[in-house]
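Scroll down for the structure; my scribbles are underneath it.
Residue numbers (this note's numbering): 35 to 513.
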């Protein structure tokens with residue numbers, strides 16, 4: 035190959051590489067908000083937390099914090115004819131330019147009253163919101179909730195950015211996501227604090243601010259709502275074949291396969307801070323991104339792109355309440371044809387009656403059936419909180435194993451591998467399970483996507499475990 039051809043080939047390669055990198059730049063941009071995870075620990079208070087930097091109406095920078103506190107996870111003390119949960123909230127604000135310097139710390143004492151303290155798995159929430167004064171900059175916010183009755187605490191962290199409204203450059207703030215259920219008694223906008231959006235939320239709103247301090251040219255704001263191809267299927271049985279590396283079940287989510295739901299453009303001529311809101315109606319189940327990009331040059335600012343990722347999931351997620359939500363996890367206990375007939379029932383009352391008949395027919399005793407149902411659906415809900423990623427946690431491989439077998443006795447994690455053991459004998463092939471991650475969790479792929487290494491030798495184990503559930507013997511022995 036002569037030098038001219040070599041040079042031409044190399045330039046073409048650089049051009050192709052550059053186009054490829056431009057094409058995927060937004061998919062791997064670390065400036066993508068995803069909300070907090072559930073950070074679920076059995077017996078601890080549950081809270082979901084978000085923190086977003088915005089400029090208020092007076093042009094002052096603030097950090098808006100929002101926390102959804104799950105009422106059913108708290109301990110209540112009877113005070114007269116009321117049940118009260120006593121909570122302490124600690125908030126730390128850390129400037130990322132000097133992580134050792136806590137520039138702000140606040141503590142809040144709150145009491146939550148509840149009529150029935152015995153509903154352990156209720157997902158009814160109390161929303162805590164505050165606006166904190168800060169200077170422009172990048173911040174880490176640590177949020178700790180302590181239940182004073184148990185002295186147990188849970189901590190979440192979030193990062194946010196606040197542009198300087200008085201600078202000579204233009205900037206974007208982070209994006210705040212809100213949701214509303216129009217069918218509720220008093221519909222109102224509430225912060226979406228997690229990656230997951232329950233399907234009952236039928237209206238979405240995205241709020242951000244643009245600081246336009248360049249008078250030489252209009253500021254162009256392009257926004258898009260995208261939907262990505264992703265796996266929404268339930269886990270296949272333990273004794274089936276492994277997933278093909280080319281399948282969406284193996285990949286989990288494919289950021290290169292996107293559908294544009296809506297795209298808009300807006301031009302700002304006036305200087306100053308502009309609050310911008312976009313609202314969308316109900317979206318079908320799946321994984322989405324709302325993104326905003328401006329024509330701010332990289333020389334002026336690196337804050338020319340922001341995005342908020344989210345997933346629309348089942349109606350009452352992470353809880354299990356509706357007839358269809360109760361029916362779907364039975365795929366792990368039913369024969370294929372039996373399950374297809376169940377899911378084909380459209381009327382909610384008829385579907386709920388069919389679910390009840392299935393359990394009662396197999397277990398027999400009404401009192402034992404009630405206990406088994408509670409155990410099964412508690413595990414489904416806990417699987418949602420522990421293993422959720424781009425799909426409901428009960429649909430993942432670890433979620434399926436957790437529902438059928440319960441919490442593992444031992445967990446060993448090594449890089450992209452995870453081992454679950456249900457035996458003191460770590461070499462027992464029927465009580466030890468190996469999971470692997472096709473892709474490492476990172477800021478570009480923010481999910482724990484563990485896949486079980488399946489084996490035909492698991493057929494007998496899964497059959498026996500299903501029989502424990504259907505006979506009600508699961509209340510006496512787990513394996």
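For every residue, glycine included, the Cβ atom is placed at its ideal position computed from N, Cα and C.
Legend entry - Simplified DSSP assignment, three categories, for residue 362: Reduced to three states, the DSSP call for residue 362 is helix.
What residue range does the alpha helix (DSSP H) around residue 427 cover? Taken as a continuous stretch (DSSP letters only), residue 427 belongs to no alpha helix (DSSP H), as it is neither H nor E.
What's the gap between the Cα of residue 110 and the Cα of residue 164?
-> Going by the C-alpha atoms only, they are around 24 Å apart.
**OP:** Give the single residue among 407, 323 and 115 whose Cα lies nearest to the Cα of residue 360.
**Re:** When only C-alpha atoms are compared, the closest one is 407.
- prompt: Along the chain, where does the alpha helix (DSSP H) that runs through residue 95 open and close?
  reply: It is not in any alpha helix (DSSP H) - residue 95 instead sits in the beta strand (DSSP E) that spans 95–104.
Same chain, Cβ closer than 6 Å to residue 318, neighbours up to 5 away in sequence not counted: Excluding positions up to five away in sequence, the list is empty.
task = Check whether the region 491–502 touches the region 265–276, taking contact to mean three or more Cβ pairs, one atom from each stretch, closer than 8 Å.
result = Between the region 491–502 and the region 265–276, the count of C-beta pairs closer than 8 Å reaches three or more; the two stretches touch.
- Please determine, among 207, 428 and 142, the residue with the shortest C-alpha to C-alpha distance to residue 307. Closest option to residue 307, judged by alpha-carbon separation, among 207, 428 and 142: 207.
| What are the boundary residues of the beta strand (DSSP E) that residue 297 is part of? | Start and end: 287–302.
Which whole-angstrom value describes the C-beta separation of residue 453 and residue 465, a residue pair presumed to lie in contact below a C-beta threshold of 8 Å? The Cβ separation is near 11 Å, so there is no contact.
Item to check | For residue 454, the first and last residue of its enclosing beta strand (DSSP E) | outcome: Run containing residue 454: 451–455, per the beta strand (DSSP E) assignment.
| query | DSSP on residue 496, reduced to helix/strand/coil? | reply | Assigned with DSSP and collapsed to three states, residue 496 falls in helix.
Which residues bound the beta strand (DSSP E) around residue 176?
First-last of the beta strand (DSSP E) with residue 176: 171–181.
Residue 392 - containing alpha helix (DSSP H), residue span: Annotation for residue 392: the continuous alpha helix (DSSP H) segment containing it runs 382–397.
Tell me where the alpha helix (DSSP H) around residue 402 begins and ends.
-> Start and end: 400–421.
Counted within 10 angstroms of its Cβ, other Cβ atoms place residue 528 as buried (16 or more) or exposed = Residue 528 falls outside the range modelled here, since the chain spans only 35 to 513, and no answer is possible.
Self-check item: Cα-Cα separation, residue 87 to residue 177
Solution: Those two C-alpha atoms are separated by around 15 Å.
ask   = Quick one: any contact between the region 98–105 and the region 220–240, if contact means 3 or more CB pairs under 8 Å?
value = Output reads yes: the region 220–240 touches the region 98–105.
Q | Where the beta strand (DSSP E) containing residue 164 begins and where it ends | A | Bounds of the beta strand (DSSP E) holding residue 164 are 159–167.
Considering only C-alpha positions, which residue in the set 437, 340, 448 and 180 is nearest to residue 196? Of the listed residues, the one whose Cα sits closest to residue 196 is 340.
Simplified DSSP state of residue 257, which is helix, strand or coil:
The answer is strand: DSSP assigns residue 257 an E or B state.
Would residue 242 and residue 310 qualify as a contact pair, given that the criterion is a beta-carbon distance under 7 Å? It is a contact, given that the beta carbons lie within the stated cut-off.
Checklist entry - Roughly how many angstroms lie between the CA atoms of residue 221 and residue 405, to the nearest whole one? => result The straight-line gap from Cα to Cα measures roughly 35 Å.
### Message
For residue 216 and residue 315, I'd like the C-alpha separation in whole angstroms.
### Response
The C-alpha of residue 216 lies about 10 Å from the C-alpha of residue 315.
ask   = When you compare each of 95, 239, 338 and 234 to residue 198 by their alpha carbons, which one comes out closest?
value = The shortest Cα separation from residue 198 among 95, 239, 338 and 234 belongs to 95.
Discussion item. If I follow the unbroken alpha helix (DSSP H) through residue 434, where does it start and stop?
Written reply: Boundaries of the alpha helix (DSSP H) harbouring residue 434: 431–439, taken from the DSSP string.
What residue range is occupied by the uninterrupted alpha helix (DSSP H) comprising residue 377? 370–377 is the span of the alpha helix (DSSP H), which, as asked, contains residue 377.
Residue 226 (DSSP reduced to helix, strand or coil): Residue 226 falls in the coil class under three-state DSSP.
*asked:* Checking 7 Å against the spacing of the C-beta atoms, do residue 429 and residue 268 come in under that value?
replied: Yes, the Cβ-Cβ distance between residue 429 and residue 268 is below 7 Å.
### Query
Got a sec? Which residues, its chain only, sit under 8 Å from residue 194 by beta carbon, not counting five neighbours each side?
Here the set comprises 85, 86, 87, 97, 172, 173, 175 and 208.
query = For residue 391, does the count of other Cβ atoms within 10 angstroms reach 16, so buried, or fall short, so exposed?
reply = Exposed, because fewer than 16 other Cβ atoms sit within 10 Å of the Cβ of residue 391.
- [ ] Would you mind stating whether residue 218 and residue 258 have Cβ atoms separated by less than 7 Å?
- [x] Taking 7 Å as the Cβ cut-off, residue 218 and residue 258 do not qualify as a contacting pair.
Item checked: Cβ distance (whole Å) where residue 121 is taken to contact residue 144 below 8 Å -> Confirmed, Cβ separation roughly 5 Å.
| query | What is the DSSP secondary structure of residue 51, counted as helix, strand or coil? | reply | Residue placement at residue 51 is poorly supported in this model, since its pLDDT is 40, which falls under 50; the coordinates are not used for a value here.
For this session: Take residue 147 and list the residues in its own chain whose beta-carbon comes closer than 6 Å to its own, dropping the five residues that flank it on each side.
Result: Around residue 147, the same chain offers 116 and 118 as residues with beta carbons nearer than 6 Å, after the five sequence neighbours per side are excluded.
Closest by C-alpha distance to residue 344, when choosing among 386, 327, 474 and 480:
The shortest C-alpha separation from residue 344 is found at 480.
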